[in-house]
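Report on one structure; see the data block that follows.
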Amino acid sequence: MPRPAHRALALGLLLSTPALCLAQAHHRTEPKPVIEPTGPTVVLDTSSGRLVCKLFSKQAPRTTGNFIALAEGTKDWTDGSGATQHAKPFFDGTQVFGITDGISAGDRAASGMGTAGPSTPPEKTGIALDRSGQLVALVTNGQQSSSNFAVLIDPDLEYGKRAIVFGQCDDASIATARIISHDLLTTDNHPAHPIVLRAVKIVPEGQPLPPPTEPAPGEAALTVPPAPAPAVPPPDPAGPTVIIDTTQGTLTCKLFSKEAPIAVANFIGLAQGTKPFRSPATHAEVHGKHFYDGLHFNRVLPDFMVQNADMPGDPEGGGDIGIHFANEVVPGLTFDRPGRLAYANSGPGTNASEFFITEHPNRRLDGSYTIFGQCDDASVKIVESIARVPRDAHNRPLTPVTIKRIAITANKP
Numbered sequence: 001m002p003r004p005a006h007r008a009l010a011l012g013l014l015l016s017t018p019a020l021c022l023a024q025a026h027h028r029t030e031p032k033p034v035i036e037p038t039g040p041t042v043v044l045d046t047s048s049g050r051l052v053c054k055l056f057s058k059q060a061p062r063t064t065g066n067f068i069a070l071a072e073g074t075k076d077w078t079d080g081s082g083a084t085q086h087a088k089p090f091f092d093g094t095q096v097f098g099i100t101d102g103i104s105a106g107d108r109a110a111s112g113m114g115t116a117g118p119s120t121p122p123e124k125t126g127i128a129l130d131r132s133g134q135l136v137a138l139v140t141n142g143q144q145s146s147s148n149f150a151v152l153i154d155p156d157l158e159y160g161k162r163a164i165v166f167g168q169c170d171d172a173s174i175a176t177a178r179i180i181s182h183d184l185l186t187t188d189n190h191p192a193h194p195i196v197l198r199a200v201k202i203v204p205e206g207q208p209l210p211p212p213t214e215p216a217p218g219e220a221a222l223t224v225p226p227a228p229a230p231a232v233p234p235p236d237p238a239g240p241t242v243i244i245d246t247t248q249g250t251l252t253c254k255l256f257s258k259e260a261p262i263a264v265a266n267f268i269g270l271a272q273g274t275k276p277f278r279s280p281a282t283h284a285e286v287h288g289k290h291f292y293d294g295l296h297f298n299r300v301l302p303d304f305m306v307q308n309a310d311m312p313g314d315p316e317g318g319g320d321i322g323i324h325f326a327n328e329v330v331p332g333l334t335f336d337r338p339g340r341l342a343y344a345n346s347g348p349g350t351n352a353s354e355f356f357i358t359e360h361p362n363r364r365l366d367g368s369y370t371i372f373g374q375c376d377d378a379s380v381k382i383v384e385s386i387a388r389v390p391r392d393a394h395n396r397p398l399t400p401v402t403i404k405r406i407a408i409t410a411n412k413p
């Protein structure tokens with residue numbers, strides 16, 4: 001990377017501990033020729049519709065071969081009891097989950113239903129994550145999963161080290177995956193009934209697609225346990241009100257001064273210009289400047305959040321402003337509702353200035369980020385609109401969404 005990347009929330013891959021990642025810094029690259037898949041077709045029949053994708057057998061032979069073997073049952077795998085399964089398709093009957101910018105499936109291990117084998121080093125395919133509808137194998141901690149895969153509904157280079165492209169889905173499938181992802185993420189992956197991957201079928205070149213897979217017996221009765229309630233009642237914000245005036249509308253949020261005093265004092269000081277900071281461009285100490293005025297929401301992700309990933313004189317983010325403080329995590333104050341205002345970070349003790357506002361409940365973020373405010377319902381609607389502005393593959397708006405000014409209103413006695 002030519003320069004440090006901005007602090008970034010994890011993509012929130014399904015059922016993973018919320019780890020932090022660094023998003024790649026933005027830079028221009030020359031367009032590369034589009035590579036089209038030439039392998040067989042894979043049909044993903046779910047309880048919410050069918051997805052059809054063509055495989056990159058030439059570019060990703062190991063990944064596609066493993067996927068086909070699991071789908072057709074020619075590769076042995078181990079079930080939840082430890083018994084080896086022969087001639088049994090691995091994916092059929094597993095659950096579909098919503099992830100940032102897509103849907104995922106193939107994770108039997110997380111629910112104790114079995115495993116397809118050990119992870120492996122990521123396959124090098126030479127295919128960039130720059131198209132909508134890419135079928136990818138998921139990578140965790142630098143290792144490619146033996147079975148976990150996803151369909152990404154938008155180009156997203158933040159998945160650069162987290163996914164290996166091995167297929168391309170058609171436009172109708174992208175639309176179906178988009179609906180499924182939205183439905184699941186709005187419920188924080190706790191819908192009343194699970195979305196089931198009924199079957200994965202491999203169709204050789206020139207063969208017609210099979211008829212849709214019928215639901216398995218008992219599928220209609222399946223339910224998803226509700227998300228666990230916080231151990232203690234959630235507090236209400238009792239601090240000042242912050243008014244964030246943007247080019248897309250005005251956001252109004254009330255601050256948790258009691259629960260996150262350091263975070264709130266830092267935010268107010270930067271917003272009002274009473275807290276000095278170091279310029280990431282000149283390294284000189286800056287006094288009396290309203291830090292956020294004129295900065296942008298440089299990272300937007302539908303059904304997830306919008307993030308102020310910007311700094312004065314450093315639009316890529318990631319520069320050091322000489323401010324660092326630890327998380328303030330309070331029992332009961334969780335990401336259990338939309339509109340949480342929180343600091344982004346890149347690990348323990350790295351909170352500084354960048355903040356984000358969530359669009360839906362997202363309990364996977366609990367414990368890793370400092371929540372210091374709660375935005376009202378009207379503001380959440382504006383967050384939804386900001387998250388859906390046209391953006392590039394770095395999730396940066398094509399037309400800047402600017403913070404015009406931030407005002408702090410004290411509580412009336």
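According to the numbering used here, the sequence shown is numbered sequentially starting from 1.
Don't be surprised by glycine CBs; every beta carbon is placed ideally from N, CA and C.
None of the values given here were measured: they were computed from a predicted structure.
Just to confirm, is the Cβ distance from residue i to residue j under 8 angstroms?
i       : j       : result
Leu-222 : His-190 : no
Asp-130 : Leu-301 : no
Gln-168 : Gly-133 : yes
Pro-61  : Gly-73  : no
Thr-402 : Thr-247 : yes
Gly-98  : Leu-185 : yes
Val-151 : Thr-125 : no
Lys-404 : Asp-293 : yes
His-324 : Asn-298 : no
Ile-406 : Val-242 : yes
Ala-110 : Trp-77  : no
Leu-197 : Ser-147 : no
Ser-385 : Phe-291 : no
Cys-375 : Thr-252 : yes
Ile-202 : Ile-68  : yes
Ala-393 : Pro-122 : no
Val-63  : Ala-137 : Checking the sequence shown, residue 63 turns out to be Thr, not Val. Their beta carbons are under 8 angstroms apart, which means Thr-63 touches Ala-137 by this criterion.
Please name the residue or residues paired with residue i in a DSSP beta bridge.
i       : result
Met-305 : Leu-301, Thr-358
Ser-104 : Phe-97, Ala-150
Gln-272 : Per DSSP, none; premise fails for Gln-272.
Lys-54  : Thr-41, Gln-168
Val-200 : Leu-44
Val-286 : Phe-277
Using only CA atoms, which one of the options lies nearest to residue i?
i       : options                            : result
Asp-377 : Pro-338, Asn-362, Pro-400, Phe-356 : Pro-338
Phe-356 : Ser-173, Gly-349, Tyr-343, Gly-65  : Tyr-343
Glu-219 : Val-264, Pro-228, Ile-195, Cys-253 : Ile-195
Glu-328 : Gly-322, Gly-313, Asp-320, Asn-345 : Asn-345
Thr-46  : Gly-93, Arg-278, His-296           : Gly-93
Tyr-418 : His-86, Pro-348, Ile-382, Ser-385  : In this structure the chain extends from 1 to 413, so residue 418 is not present and cannot be described.
Asn-66  : Pro-237, Pro-217, Gly-106, Arg-299 : Gly-106
Arg-278 : Lys-289, Gln-272, Ile-268          : Lys-289
Gly-82  : Pro-235, Lys-381, Gln-144, Arg-108 : Arg-108
Pro-208 : Glu-259, Glu-384, His-394, Thr-41  : Thr-41
Val-43  : His-86, Phe-91, Gln-85             : Phe-91
Phe-267 : Ala-284, Pro-280, Ile-244          : Ile-244
Thr-409 : Ala-163, Gln-272, Ser-57, Thr-334  : Gln-272
Ser-379 : Ser-147, Ile-153, Glu-359, Ile-68  : Glu-359
Pro-235 : Phe-256, Ala-216, Val-242, Leu-135 : Phe-256
Gln-307 : Ala-387, Lys-161, Arg-162, Thr-120 : Ala-387
Thr-120 : Glu-158, Gln-85, Arg-162           : Arg-162
Gly-313 : Asp-303, Ile-321, Leu-333, Pro-280 : Pro-280
Val-52  : Leu-365, Val-200, His-394          : Val-200
Glu-205 : Phe-56, Gly-367, Pro-390           : Phe-56
Ile-103 : Val-286, Pro-212, Thr-63, Asp-183  : Asp-183
Arg-364 : Asp-188, Ile-35, Thr-64            : Asp-188
Ser-181 : Val-389, Phe-304, Ile-321, Thr-64  : Phe-304
Pro-261 : Pro-237, Thr-274, Thr-252, His-283 : Pro-237
Ile-371 : His-296, Pro-390, Lys-258          : Lys-258
Which term fits residue i, buried or exposed, when burial requires 16 or more other beta carbons within 10 angstroms of its beta carbon?
i       : result
Thr-38  : exposed
Lys-54  : buried
Arg-396 : buried
Gly-373 : buried
Pro-445 : Because residue 445 is not part of the residues shown, which for the chain are 1 to 413, the question remains open.
His-6   : Only weak support exists for where His-6 lies, its pLDDT of 48 falling under 50; the value from the coordinates is given anyway. Classification for His-6: buried.
Thr-176 : buried
Leu-398 : exposed
Gln-59  : buried
Glu-214 : exposed
Lys-254 : buried
His-27  : With a pLDDT of only 47 at His-27, under the threshold of 50, the placement of this residue in the model should not be trusted; the figure read from the coordinates follows. Label assigned to His-27: exposed.
Pro-331 : exposed
Gln-144 : buried
Asn-411 : exposed
Asn-141 : exposed
Lys-275 : buried
Cβ of residue i versus every heavy atom of the ligand HEM: is any distance shorter than 7 angstroms?
i       : result
Ala-163 : As for the ligand HEM, it is missing from this structure, which has no ligand bound.
> At what residue ranges does the segment 351-405 contain a whole run of the alpha helix (DSSP H), taking only runs of 4 or more?
Replying inline: 377-387
> Which ranges would you report for the beta strand (DSSP E) in the segment 232-282 if only whole runs of at least 3 residues count?
Replying inline: Here the runs fully enclosed are 241-246, 249-255.
> In chain order, which continuous runs of the beta strand (DSSP E) of length 3 or greater are located wholly inside the segment 126-196?
Replying inline: The qualifying runs are 134-140, 143-152, 163-169.
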